[in-house]
Structure formats: C-alpha cells, structure tokens
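Asker:
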Amino acid sequence: MNSADNMTKYSLRAWVLVLALAPTILVGILLGSYFTINRFYELEESLIERGGNIIEPLAISAEIGLETKNFETTKRLITSVQLNKSNLVQFIAIFDTSNRVIVTSHHYKSHEFMRYNEPIDSLQTTEVEEFGDSIIMRSPIFSSQRELVVSPYDSNSMAQQVNSAKLGYIAVLLNKENALLEQHRAAVAAFIIVLIGVQLNLLFTFRLVKNVTHPITEMVRVVAKIREGKLDTRVDGNLIGELDLLKRGINAMAGSLSEYHEEMQQNIDQATSDLRETLEQIEIQNVELDLAKKRALEASRIKSEFLANMSHELRTPLNGVIGFAKQLLKTPLHASQQDYIKTIEKSATNLLGIINDILDFSKLEAGKMELENMPFALRELIDDTISLLANSAKDKDLELVVDIEPSINDNVSGDALRVSQVITNLVGNAIKFTDSGSVHLKMRLTSEESDKVNVRCEITDTGIGIDKPHQAQLFQAFGQADSSISRRFGGTGLGLIITKRLINRMGGQIGCISSPGKGSTFWFTLPLKLSSYPISQPLETDKLIDKTVLLFEPRELSRKVHESLLSHWGMQSVSITTPEDLARVAGEEGRHFDYAIISCNDLASSPNLLNVLNKIAKISDYTLYLCSSTDSAAKMSLIQPTVDKVMQAPVGERALAVTLINPHRAQFEAMPFQEAAKETQEREPMSVLAVDDNPANLKLIKTLLKELVTQVTVTDNGQEAVEIAKAKSFDLIFMDIQMPGTDGFSATKQIREHSLNRNTPIVAVTAHAIAEERERIDQSGMDGYLPKPIDEAALKSVISRWKTRPQFTHFDQHTLNWDLCLTQANQKTNLALEMLQMLVDSLPETRDNISGALERQDSQAMVSHVHKLHGASCYCGVPTTQRLCREIEQSLKQNADVDLVEPEILELLDELSKVESAANQVIAQLSMDVIDE
Numbered sequence: 054m055n056s057a058d059n060m061t062k063y064s065l066r067a068w069v070l071v072l073a074l075a076p077t078i079l080v081g082i083l084l085g086s087y088f089t090i091n092r093f094y095e096l097e098e099s100l101i102e103r104g105g106n107i108i109e110p111l112a113i114s115a116e117i118g119l120e121t122k123n124f125e126t127t128k129r130l131i132t133s134v135q136l137n138k139s140n141l142v143q144f145i146a147i148f149d150t151s152n153r154v155i156v157t158s159h160h161y162k163s164h165e166f167m168r169y170n171e172p173i174d175s176l177q178t179t180e181v182e183e184f185g186d187s188i189i190m191r192s193p194i195f196s197s198q199r200e201l202v203v204s205p206y207d208s209n210s211m212a213q214q215v216n217s218a219k220l221g222y223i224a225v226l227l228n229k230e231n232a233l234l235e236q237h238r239a240a241v242a243a244f245i246i247v248l249i250g251v252q253l254n255l256l257f258t259f260r261l262v263k264n265v266t267h268p269i270t271e272m273v274r275v276v277a278k279i280r281e282g283k284l285d286t287r288v289d290g291n292l293i294g295e296l297d298l299l300k301r302g303i304n305a306m307a308g309s310l311s312e313y314h315e316e317m318q319q320n321i322d323q324a325t326s327d328l329r330e331t332l333e334q335i336e337i338q339n340v341e342l343d344l345a346k347k348r349a350l351e352a353s354r355i356k357s358e359f360l361a362n363m364s365h366e367l368r369t370p371l372n373g374v375i376g377f378a379k380q381l382l383k384t385p386l387h388a389s390q391q392d393y394i395k396t397i398e399k400s401a402t403n404l405l406g407i408i409n410d411i412l413d414f415s416k417l418e419a420g421k422m423e424l425e426n427m428p429f430a431l432r433e434l435i436d437d438t439i440s441l442l443a444n445s446a447k448d449k450d451l452e453l454v455v456d457i458e459p460s461i462n463d464n465v466s467g468d469a470l471r472v473s474q475v476i477t478n479l480v481g482n483a484i485k486f487t488d489s490g491s492v493h494l495k496m497r498l499t500s501e502e503s504d505k506v507n508v509r510c511e512i513t514d515t516g517i518g519i520d521k522p523h524q525a526q527l528f529q530a531f532g533q534a535d536s537s538i539s540r541r542f543g544g545t546g547l548g549l550i551i552t553k554r555l556i557n558r559m560g561g562q563i564g565c566i567s568s569p570g571k572g573s574t575f576w577f578t579l580p581l582k583l584s585s586y587p588i589s590q591p592l593e594t595d596k597l598i599d600k601t602v603l604l605f606e607p608r609e610l611s612r613k614v615h616e617s618l619l620s621h622w623g624m625q626s627v628s629i630t631t632p633e634d635l636a637r638v639a640g641e642e643g644r645h646f647d648y649a650i651i652s653c654n655d656l657a658s659s660p661n662l663l664n665v666l667n668k669i670a671k672i673s674d675y676t677l678y679l680c681s682s683t684d685s686a687a688k689m690s691l692i693q694p695t696v697d698k699v700m701q702a703p704v705g706e707r708a709l710a711v712t713l714i715n716p717h718r719a720q721f722e723a724m725p726f727q728e729a730a731k732e733t734q735e736r737e738p739m740s741v742l743a744v745d746d747n748p749a750n751l752k753l754i755k756t757l758l759k760e761l762v763t764q765v766t767v768t769d770n771g772q773e774a775v776e777i778a779k780a781k782s783f784d785l786i787f788m789d790i791q792m793p794g795t796d797g798f799s800a801t802k803q804i805r806e807h808s809l810n811r812n813t814p815i816v817a818v819t820a821h822a823i824a825e826e827r828e829r830i831d832q833s834g835m836d837g838y839l840p841k842p843i844d845e846a847a848l849k850s851v852i853s854r855w856k857t858r859p860q861f862t863h864f865d866q867h868t869l870n871w872d873l874c875l876t877q878a879n880q881k882t883n884l885a886l887e888m889l890q891m892l893v894d895s896l897p898e899t900r901d902n903i904s905g906a907l908e909r910q911d912s913q914a915m916v917s918h919v920h921k922l923h924g925a926s927c928y929c930g931v932p933t934t935q936r937l938c939r940e941i942e943q944s945l946k947q948n949a950d951v952d953l954v955e956p957e958i959l960e961l962l963d964e965l966s967k968v969e970s971a972a973n974q975v976i977a978q979l980s981m982d983v984i985d986e
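Counting in the numbering used here, the sequence shown runs from 54 upward without gaps.
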C-alpha cells in the first residue's frame with residue numbers, strides 16, 4: 054500500500070527519465086569499466102613482455118663476462134641497454150650466486166630492493182615483482198655448459214636447465230609511468246564515450262517525453278476540467294498511436310457526460326417541480342392531519358366523558374334495581390314471587406356484565422387500562438374463580454375439572470383481577486357452549502427462572518366446536534363463530550377480544566384448536582413474576598405420606614386428577630368407578646382405609662346410598678363426601694350424619710389438602726341446604742354518614758346500612774354533608790362523586806380542612822368505572838372506593854375493614870400508608886403486618902450499610918443496598934421511601950457519583966427513622982386487634 058502511494062508521488066516525466074537513463078548509464082558504466090580494466094591488463098602484460106625481451110638476452114650476454122670475470126664489458130653492455138631503453142629501464146644490476154652486487158648500469162640511490170630475498174636456487178626462470186610504480190624483473194644467469202631438456206608435456210614450454218652451473222642473476226627495474234599514462238588515457242576515453250552515450254540518450258529521452266508526457270498531461274488537465282463540470286472541454290492536437298485513441302476516448306466520454314448531464318438536469322428540473330407540488334400537497338395533508346388529530350383527541354375526550362357518564366347513568370339505576378331486588382328476597386314471598394325477583398336480579402346482573410365488558414373493551418382499545426403487579430396465591434385465585442362458575446356447570450350436569458401441575462409455584466405477582474377475568478371468560482364460554490360432557494382446566498409449567506415462571510393454561514370442552522373459517526373471527530370485536538350463536542347462546546362477542554388483549558398486555562399469547570362437533574381447546578401462555586413474600590401458608594403434606602385412600606369417582610377426568618394429586622402427596626389410593634364395586638368393597642371384611650373420598654355422581658340416585666355410606670364409615674377413619682349443589686336439602690340432611698365432612702365439587706387442591714391434613718369432623722349444618730331466611734345479624738356500633746344525590750340510591754344505601762350499623766345519617770347534596778360533618782363526628786362517610794353544586798371531591802376537601810371529621814375514612818361511592826376516575830379518587834384524599842351497583846357483601850367488607858381502622862395521626866401518610874400496605878398485601882392484615890415487621894427488623898442493618906457506603910463513596914455497594922431496600926419497600930406501603938430508593942438507584946445506575954446523590958441519601962436515612970417509628974406504632978396497635986379478633 055505504501056509503495057503504491059510512493060509511486061503516485063512522482064510524475065510520468067520523472068518515471069520516463071528514470072526508466073530511460075538508468076539502464077543506459079548502468080550499461081555504459083559496465084562496458085567502460087570492462088574495457089578500461091581489460092586495457093589496464095593488456096598494457097601491464099605488454100610492459101612485462103618488453104621487459105622480458107630485454108632481460109633474457111642480457112642474461113645470456115652477461116654469461117661470458119661473468120665466466121671470464123670481465124665485469125667491465127658486462128657493465129658497458131647493461132649501461133648501453135639502460136640508456137637505449139631509458140624510458141622503460143630505470144636501473145640494471147647483476148648479482149652473483151652469493152647475492153652480492155657485481156655490476157650495475159649506473160649509480161643508483163639504493164639497490165637493496167633489487168636483491169632476491171629467496172634462496173638463489175629457487176630462481177629458475179624469469180620472475181616479476183611489483184615495487185610501487187615500478188616492476189622488478191629477475192632472470193638467472195647460467196653457464197654455457199648445460200643441457201637443454203624439453204618438457205614432454207608441452208612443446209611450447211620453456212627449456213629446463215639440467216646439470217647446469219648458475220653464475221648469478223640479473224635484476225632490471227622497469228618504469229611503469231608510460232603504462233600508467235596509457236591506462237589513464239584509456240579510462241578518460243571510456244568515460245568520454247559513456248558521457249556521449251548518456252547525452253545522446255538524454256536527447257532521445259527528452260524527445261520521447263515531449264511526444265508522450267505532454268499529451269498525457271494535457272489529457273489529465275482536460276479530465277480535471279470535465280470533473281469540475283466543464284463538459285465542453287476537449288483534447289486537441291495530432292497525437293501518435295495509442296495516444297490518439299486515448300484522445301478520442303476522452304472526447305467521446307466528455308460528449309456522453311455532457312448529454313447525460315443535460316438529460317439529468319432536465320430530470321432534476323422535472324423532479325424538483327414534482328417535489329414542489331408534492332410538498333405543497335403534503336403540507337396541505339399535514340394541516341388536514343393536524344386538524345384530524347385534534348378532532349380525534351377531542352372525540353377521544355368526548356368518548357371518555359361519554360363512557361364515564363354512561364357508566365354513571367347506567368350503573369345508577371342498576372344499583373337501585375339489583376339492590377332492592379336483593380332486599381325483596383329478604384322479605385316473605387311465595388315461590389313465584391321469589392322466582393320473579395331472582396329473574397330480575399339475574400337480568401340486571403347480566404346487563405351489568407355487558408356494561409363492564411364494553412367499558413373494558415373501550416379502555417383496552419384506548420390503551421388506558423393499567424395492570425397491577427401485586428402478590429397473590431395462584432391456586433387460591435383459581436379455586437375462587439372456579440367456585441363462581443361451578444353452579445353454571447352443575448346446572449348443565451357438566452364435569453368441571455381443575456388440573457394444576459404441582460410444580461407450579463403458588464406465590465406469584467401480577468394482576469390477579471385480570472387473571473381471574475381471563476379464566477372466567479374462557480371457562481364461562483366453555484360452559485356456555487357445552488351441553489353435555491366436561492370442561493377441563495389444565496395448567497402446566499413451561500419454563501421457570503429465578504424471578505418468574507411461564508405457565509400454559511388450556512381450557513378443553515366437549516361442546517359444539519368451531520370450524521376453521523370461523524376461528525379467525527373469534528378474537529375480533531363483536532365477532533362470534535356465526536350469527537346463530539348470539540341468537541342461541543346470547544353474548545356481545547366482546548369476551549374473547551378482551552381476553553386476548555388482556556393476555557397480550559400481560560406478555561402472553563392465546564390461541565384456539567377446535568373441530569365442529571368435537572369440542573374446543575382454548576390455550577394461553579401467561580408469564581408471572583415470583584413473589585418475594587409467601588402469600589399462602591405452606592401445607593404440611595408430609596403427614597399424608599403412605600396414608601390409604603378409598604376414592605370413588607365414576608367420571609374419568611376427575612378421577613385421574615384426584616389420583617395424580619393423591620399420588621403427588623405420597624398417598625396410596627384405591628379407585629372405584631361403579632356403585633356396585635363400591636358396595637362390594639364397603640362390605641368386605643378386613644379392609645380398612647385412612648380416608649374415603651366419595652363422589653355423589655352415580656351414587657346420589659342409588660336407593661342404597663345411606664347403607665353404602667354407613668359401611669364405608671366403618672372401614673375408613675375419615676369420610677369426605679363431594680356433593681353437587683343440585684342435591685336437595687332433604688337428601689343432604691340425611692347424608693351429613695353418615696359422613697365426616699361434605700364439600701362442594703369441584704374441590705380445590707388446597708381445600709382438599711387442608712381437610713386431609715386436619716381431618717376434623719364438621720359440625721352438622723343444615724342451613725347451606727335449606728332455603729330458610731337468614732338470621733338477623735348483629736349490627737356494628739358505628740355512626741355512618743351517606744351522601745348521594747339520587748333518591749333511589751340514597752334510599753338503598755340507607756336501607757343496607759341500617760342492617761349493618763347502629764346509626765345512619767343521610768343527605769342528598771355535598772354542601773349539606775359538609776355542614777353535617779362540621780357539626781357531628783362520624784366513624785365512616787360514604788360519598789357520592791357526581792353531584793350538582795358541591796361534588797364529592799369538593800365536599801371531601803372541605804371536610805378534610807374544616808370539620809370534626811378530618812381523619813374520618815371517606816369512601817367514594819360512584820358508578821364511574823374508568824381508570825382516570827379512580828386516580829382522581831386516590832389523589833383527592835379519599836380512603837376507599839365502592840363501585841355501583843352496591844353489593845351487600847362489598848359494603849359489609851368495607852364496614853368491617855374500617856370499623857377497626859386505627860387513627861394514625863402521629864405520622865405522615867406518605868411516610869407509612871397502612872391502606873396502601875393492605876392493598877399491596879391483597880387485603881390480608883396478617884401478611885401486611887408480617888411484611889412490615891420484616892422491614893422494621895432489617896432497617897438497622899440497612900441504615901448501617903448505607904451510611905458505610907456513603908462514607909466510603911462506594912457506588913456498587915450503595916446500589917446493592919438501596920436496590921434491596923427498594924424491593925422490600927414495594928410491599929410495605931412506604932411511598933416516600935420507595936420514591937427515594939428509586940431516584941437514588943436510577944442515578945447511580947447512570948454512573949453518577951455517590952456525592953452527587955448525597956442529599957437524597959441523607960433524606961432517605963431520615964425517612965427510614967420516621968418509617969421505623971411509624972411502623973412500630975402500627976404494629977403495636979394492630980397486633981393487639983388481630984389477637985383480639
């Protein structure tokens with residue numbers, strides 16, 4: 054990558070020059086060097102050859118002078134040679150065999166360097182020695198008395214002297230200056246030749262650059278202008294070869310781009326014009342949408358007001374109809390009159406159910422339904438819900454079975470009311486559309502985590518079934534399988550769509566599997582959080598291990614559920630399915646059981662019923678009879694003395710376990726099976742004020758209250774209620790909300806500010822059922838909510854709740870709200886006190902931990918301790934503590950430093966001291982009340 058970037062830093066001209074000159078210079082230097090060096094060697098060899106031609110004849114000529122000792126002749130000879138070859142020969146000297154100088158050509162400054170440094174015998178031929186800028190040549194001088202022997206291996210070899218006498222040797226000093234001068238001349242000549250070659254190469258290279266790089270540079274310039282948008286620019290001039298083709302391509306490209314640009318500009322102009330028109334249309338649509346949104350919001354507001362008013366207007370007369378119908382049933386009436394009144398009550402109750410469905414659907418459709426997250430006991434909720442539907446199943450002689458997997462945790466958190474509503478809708482539909490057979494509610498655990506469980510619930514019936522085309526309409530508003538359904542069975546078609554949306558809001562799914570004539574299975578999945586606190590007391594099922602049970606249940610589904618449940622508890626059961634087999638087992642001697650569970654099915658009509666039950670009582674320690682509500686009172690009065698306990702079927706898992714764990718004989722009670730008037734109950738010593746602008750409702754609530762409390766004061770307007778509250782103190786006030794003049798909210802505010810009833814509980818009585826109205830009630834200072842139509846049991850529950858209500862006046866309700874604590878504990882006083890006591894016990898350690906983390910500025914520890922306190926405060930009715938914990942935890946989880954939230958932490962520590970004081974007061978006062986009860 055870097056090499057490519059470096060290459061782009063140099064121009065084409067530079068690359069052409071480098072690529073053209075570099076090879077030429079390199080080749081020129083190599084050739085010049087080669088020939089120069091070769092010339093050097095040739096000159097040196099020539100010099101040595103000329104020296105050899107001088108020294109060898111001199112060695113032969115000097116032989117005679119050395120043999121005859123005529124050194125003068127020899128001196129003249131070598132001097133003459135030195136003078137004749139003075140430009141080559143610098144000095145000549147002859148040495149004898151003792152390596153002494155005999156003769157020299159002339160006087161020389163030093164001739165020691167001419168001496169042969171090796172043994173004389175080793176000098177057999179002419180030898181050459183480099184000495185500075187000179188060459189010394191030495192050749193031996195032999196006597197003429199010698200034999201020449203030619204080498205048999207080389208005919209051109211020099212003759213070898215054998216058996217000859219060596220007289221000495223001659224040394225000649227040759228001058229290399231001329232040879233060096235010739236070498237320098239050769240080097241200069243080679244350099245000049247290379248330089249000329251480079252100049253010629255430069256000439257041709259610049260010519261090439263001019264003919265190639267200049268057109269290319271021009272093309273680059275043209276392309277740059279085209280890129281800038283000057284599409285009319287062209288490449289001019291006559292170019293050669295491929296450059297001309299490149300020129301034509303660039304010009305053609307520029308022409309095409311120009312055409313495309315013109316076409317694109319036209320398209321842009323057209324698109325701009327279209328966009329401008331579109332924007333104008335969008336602006337008009339936005340204005341229309343804004344107006345439509347305002348109209349929709351206004352319509353939604355009007356719809357909410359309409360729902361609130363319709364709820365009030367419909368519930369108000371229904372309150373009178375249902376209330377006085379129940380009051381009539383308390384009076385002496387003959388059978389037909391009682392039947393008429395019951396029909397009126399049932400019809401009004403059905404109408405109220407339809408109104409509730411429409412309101413629920415409207416709230417779900419508007420997204421205004423808020424789901425609660427409160428702890429509850431799952432099995433207790435299912436048992437309570439099924440008990441309300443059991444009579445409908447018994448009226449049609451249907452087998453209603455509840456099968457809950459034992460591994461499902463019973464202590465969960467969620468919206469218990471909505472879960473019950475879903476079960477009611479689905480099981481109620483199954484009963485409605487089933488004429489014979491069974492309705493089976495089955496709950497299975499699909500997955501479990503540390504803090505939540507996922508449950509799958511299936512409701513299977515043997516009813517009419519639904520074909521494929523109509524199944525898609527089931528979960529649509531006002532939709533049923535076909536039009537004949539509503540004519541035959543009735544209903545609005547809202548139940549399933551409400552159920553589907555409730556389940557979806559709770560995070561589950563719902564579906565249906567059905568075949569015409571074979572029944573249907575509606576299933577749904579439901580994620581539930583596990584409760585941090587135990588709601589239901591643990592059962593001591595260990596006491597039932599290895600206990601024996603005689604089970605009589607002809608119906609297969611019920612029998613299998615009971616067998617599975619008994620087996621889970623570790624009991625040993627013997628199942629009987631026919632009355633004959635039951636009579637046979639009861640008559641056997643030696644058989645004995647710890648328990649006997651006898652179903653009334655197929656046995657109630659037997660003429661030997663009492664005889665069989667008496668025999669069973671003899672072979673079992675405890676007899677439990679499961680009866681149907683359709684059994685007559687006379688028959689039940691005969692059966693009860695023969696058994697230990699009678700329970701209504703279907704029996705809940707927990708109720709059955711409690712009965713078997715504590716097998717006490719139930720006292721004979723004829724009242725549940727006799728249609729006798731109820732005994733007059735004892736009234737509470739309380740003074741109650743009731744306020745309602747509707748005469749019928751005021752009369753009804755007055756009638757109901759007179760049966761429950763000793764003193765009742767009524768008024769039909771809010772202002773008069775305020776005046777009465779200023780003059781007299783009451784134990785409880787029931788306040789209607791929608792009244793002319795001073796409404797319920799205003800009256801409550803005035804009573805709280807200036808009256809003798811500042812701390813008196815005020816319960817709202819209203820027909821409004823929407824969430825906004827309930828929020829206003831909670832925020833207005835009222836203490837409770839009683840919906841219309843007024844139910845006698847609900848009214849009695851409110852009075853029972855507030856008759857022992859402590860007057861907590863020594864602390865702020867935002868520090869500890871006992872009503873909120875009760876609500877979070879599902880209205881269970883013992884559970885609320887237990888959770889409050891657990892909080893109080895943990896407060897000293899919690900304060901120490903938080904204070905220590907504050908001193909250490911430890912964010913992680915602070916988050917951990919505050920999170921733990923936050924979880925505990927969610928179930929104890931301490932709103933200020935809960936709010937502070939939430940704020941601190943959120944800030945620290947967003948990486949805020951501890952010192953930034955120090956004011957909130959200090960406020961939390963002060964609030965914990967207030968909570969501890971308030972909680973101790975509540976626990977001290979209410980614990981005594983619970984003990985007294």
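Note that beta-carbon positions come from the ideal geometry of N, C-alpha and C, so glycine has one too. Model, not experiment: these values are computed from the prediction.
Based on the DSSP output, what are the partners of H493 in its beta bridges?
Answerer: V454, T513
Asker: Leaving out five residues before and five after S489 in sequence, what residues of the same chain have Cβ atoms less than 6 Å from its Cβ?
Answerer: none
Asker: Whole angstroms are fine: how far does the CA of A443 sit from the CA of S628?
Answerer: Cα to Cα, the separation comes out at about 24 Å.
Asker: Relative to the C-alpha of D745, which candidate in E773, R900, K759 has its C-alpha closest?
Answerer: E773
Asker: Would you call the CB atoms of L555 and V506 closer than 8 Å?
Answerer: Against a cut-off of 8 Å, the Cβ pair of V506 and L555 comes out as no contact.
Asker: Let's see if you can read the secondary structure: which residues bound the alpha helix (DSSP H) around T266?
Answerer: Looking at the DSSP string, the run of the alpha helix (DSSP H) that includes T266 is 230–280.
Asker: Applying the 10 Å Cβ sphere with the 16-neighbour rule, what's the burial state of R238?
Answerer: exposed
Asker: Once you ignore the five residues that flank G930 on each side, which residues in its own chain have a CB closer than 7 Å to its CB?
Answerer: L869, N870, W871, L873, C874, Q877
Asker: Short of 7 Å in beta carbon distance, which residues of its chain neighbour K379, apart from the five on each side in sequence? Order them along the chain.
Answerer: Once the five neighbours on either side are set aside, the close Cβ partners of K379 are E398, E845.
Asker: Determine the closest residue to A115 out of P193, Q913, H160, E501, with distance taken between C-alpha atoms.
Answerer: Nearest of P193, Q913, H160, E501 to A115, Cα basis: P193.
Asker: Please list, in chain order, all residues of the same chain as G221 whose beta carbon is under 7 Å from its beta carbon, the five residues on each side excluded.
Answerer: L119, I147, F148, D149, T150, I155, I194
Asker: Can you give the Cα-Cα distance for V975 and Q890, rounded to whole angstroms?
Answerer: 10 Å
Asker: By alpha-carbon positions, which one of K571, K347, M272, Q334 ends up nearest to G290?
Answerer: M272
Asker: Within the continuous alpha helix (DSSP H) that includes P897, where are the two ends?
Answerer: 882–909
Asker: Run the CB neighbour count on D36, radius 10 Å, all protein chains shown included, and call it buried at 16 or more, exposed below.
Answerer: Examination of residue 36 is not possible in this model, given that the chain is present from 54 through 986 alone.
Asker: Identify whether M788 lies in helix, strand or coil by the three-state DSSP scheme.
Answerer: strand
Asker: Kindly indicate which three-state DSSP category N444 falls into: helix, strand or coil?
Answerer: helix
Asker: Could you round the C-beta distance between S158 and I188 to whole angstroms and report it? I think they count as a contact, below 8 Å.
Answerer: With a Cβ gap of about 16 Å, S158 and I188 do not count as contacting.
Asker: Would you mind sorting K229 into buried or exposed? The rule is 16 or more other CB atoms within 10 Å of its CB.
Answerer: buried
Asker: In angstroms, rounded to a whole number, what distance separates the CA positions of T813 and Q832?
Answerer: Going from the Cα of T813 to the Cα of Q832 covers about 16 Å.
Asker: If you draw a straight line from the C-alpha of V704 to the C-alpha of S440, how long is it?
Answerer: 9 Å
Asker: Which of the three DSSP states is assigned to S139 in this structure?
Answerer: coil
Asker: Does the region 302–319 come close enough to the region 268–282 that 3 or more CB-CB pairs lie under 8 Å?
Answerer: yes
Asker: Please name the residue or residues paired with F144 in a DSSP beta bridge.
Answerer: L226
Asker: Who are Q625's beta bridge partners in DSSP?
Answerer: Q625 is bridged to T601.
Asker: To the nearest angstrom, how far is it from the Cα of K300 to the Cα of T89?
Answerer: Annotation: K300 to T89 spans about 49 Å, alpha carbon to alpha carbon.
Asker: Could you name the residues that DSSP lists as bridge partners for W576?
Answerer: E511, G564
Asker: Once DSSP output is grouped into helix, strand and coil, what is the label at R287?
Answerer: coil
Asker: Grouping DSSP H, G and I as helix and E and B as strand, with all else coil, what is E165?
Answerer: The three-state secondary structure of E165, taken from DSSP, is helix.
Asker: Tell me, please, which residues DSSP counts as bridged to E180.
Answerer: R191
Asker: Is it the case that the region 602–618 contacts the region 581–594, given that we only count it when at least three CB pairs across the two stretches are under 8 Å?
Answerer: Judged by Cβ distances under 8 Å, the region 581–594 makes no contact with the region 602–618, as fewer than three pairs qualify.
Asker: Mind checking T487: buried by the 16 CB within 10 Å criterion, or exposed?
Answerer: Residue environment: T487 is assigned as buried (16 or more neighbouring CB atoms within 10 Å of its CB, all protein chains considered).
Asker: For Q913, count the other beta carbons within 10 Å of its own beta carbon; 16 or more makes it buried, fewer makes it exposed. Which is it?
Answerer: exposed
Asker: If we count the other Cβ atoms within 10 Å of its Cβ and call it buried at 16 or more, is E452 buried or exposed?
Answerer: buried
Asker: Straight-line CA distance for L386 to E760?
Answerer: 20 Å
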